[in-house]
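In UniProt numbering, the protein residues as written are 1 to 243. Virtual Cβ for every residue (Gly too), placed ideally from N, Cα, C. To keep things clear, I will list the structure first and then write my remarks on it.
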């Protein structure tokens with residue numbers, strides 16, 4: 001599933017704002033919307049993104065669907081779970097190894113995934129509570145370290161609902177969110193807090209959690225967000241796979 005801020009048509013092979021590469025980069029500030037806003041789409045709306053993925057009139061029952069990046073050269077959403085965020089490592093994390101975006105890559109994940117959730121359901125984490133996503137770093141101030149938080153109840157509408165979560169695999173960078181990297185995809189991982197249960201209801205879908213990551217660069221913070229559920233709706237680390 002594309003990230004909640006992803007906008008089709010956004011160039012993924014360009015590092016300058018003038019080419020439109022930052023159109024769906026979420027700017028997530030302390031006193032703003034919990035999921036931030038983008039230059040191309042305004043305030044990030046989880047309900048709208050989930051409704052598009054699920055399809056008009058889609059059933060709200062969530063089915064098992066392993067979370068992870070799609071293969072192939074086309075742009076993936078945080079990017080596959082997010083919007084093309086500008087793309088850390090803190091204690092206890094591993095630095096992710098990035099893959100340079102091929103020339104000519106343009107985001108198309110929203111249209112490609114539209115309606116598919118009606119049969120697949122939302123992306124689903126397993127019993128280990130590990131969320132796997134792809135973060136696209138646009139340019140130098142999209143580096144780390146990233147911080148993660150998960151909202152298990154409000155669908156991304158209430159800042160107070162977000163709980164800190166651990167980055168397991170992070171985008172490399174310095175304390176100020178800077179690096180020399182541009183136009184690169186990084187596979188990142190977030191660990192759900194022990195005992196967390198996804199219980200939000202968004203766009204008619206129940207059992208929803210929202211994960212958010214952002215860096216600390218002074219120009220931002222920049223980041224992204226995504227929706228997911230659990231293998232069996234229940235406490236993280238205690239889920240049981242369906243038969």
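Boundaries of the beta strand (DSSP E) harbouring residue 188: 184 to 191, taken from the DSSP string. The Cβ-Cβ distance between residue 188 and residue 211 does not fall below 8 angstroms. In this structure residue 34 is in contact with residue 156, their Cβ atoms being roughly 6 angstroms apart against a cut-off of 8 angstroms. For residue 50, the uninterrupted alpha helix (DSSP H) segment begins and ends at 46 to 54. Residue range 222 to 230 is occupied by the beta strand (DSSP E) that includes residue 229.
Scanning the region 133 to 208 from its first residue to its last, the whole beta strand (DSSP E) runs of 3-plus residues come out as 147 to 151, 163 to 170, 184 to 191, 200 to 202. For residue 98, there is no enclosing alpha helix (DSSP H), as DSSP marks it with neither H nor E. Its Cα nearest to that of residue 43, the residue 6 stands out among 100, 176, 6. Under the three-state reduction of DSSP output, residue 42 falls in the strand class. The residues 168, 189, 191, in chain order, have a CB closer than 7 angstroms to that of residue 130 in the same chain once the five nearest residues on each side in sequence are set aside.
Taking all protein chains shown into account, residue 213 has 16 or more neighbouring C-beta atoms within 10 Å of its C-beta and is therefore buried. The shortest C-alpha to C-alpha distance from residue 110 to any of 223, 226, 138, 2 is the one to 2. When secondary structure is reduced to three states using DSSP, residue 33 falls in the coil class, being assigned neither helix nor strand.
Residue 13 places its beta carbon 8 angstroms or farther from that of residue 93.
Three or more pairs of CB atoms, one per stretch, sit closer than 8 angstroms, so the region 37 to 55 contacts the region 216 to 230.
CA-to-CA, the gap between residue 128 and residue 196 works out to about 12 angstroms.
Residue 24 and residue 182 have their alpha carbons spaced roughly 16 angstroms apart. Of the candidates 29, 39, 32, 39 places its Cα closest to the Cα of residue 19. Taking the Cα of residue 104 as reference, the smallest distance to any Cα among 15, 200, 205, 209 is reached at 15. The straight-line gap separating the alpha-carbon atoms of residue 152 and residue 186 is approximately 25 angstroms. In the three-state reduction of the DSSP assignment, residue 26 falls in the strand class. Here the C-alpha atom of residue 180 lies approximately 11 angstroms from the C-alpha atom of residue 137.
The beta carbon of residue 36 sits closer than 6 angstroms to the beta carbons of 26, 27, 28, 44 from its chain, once the five residues preceding and following it are set aside; these are given in chain order. A direct Cα-to-Cα measurement between residue 142 and residue 148 gives close to 15 angstroms. In the DSSP assignment, residue 17 forms no beta bridge with any residue.
The residue among 193, 222, 173 with its C-alpha nearest the C-alpha of residue 165 is 193.
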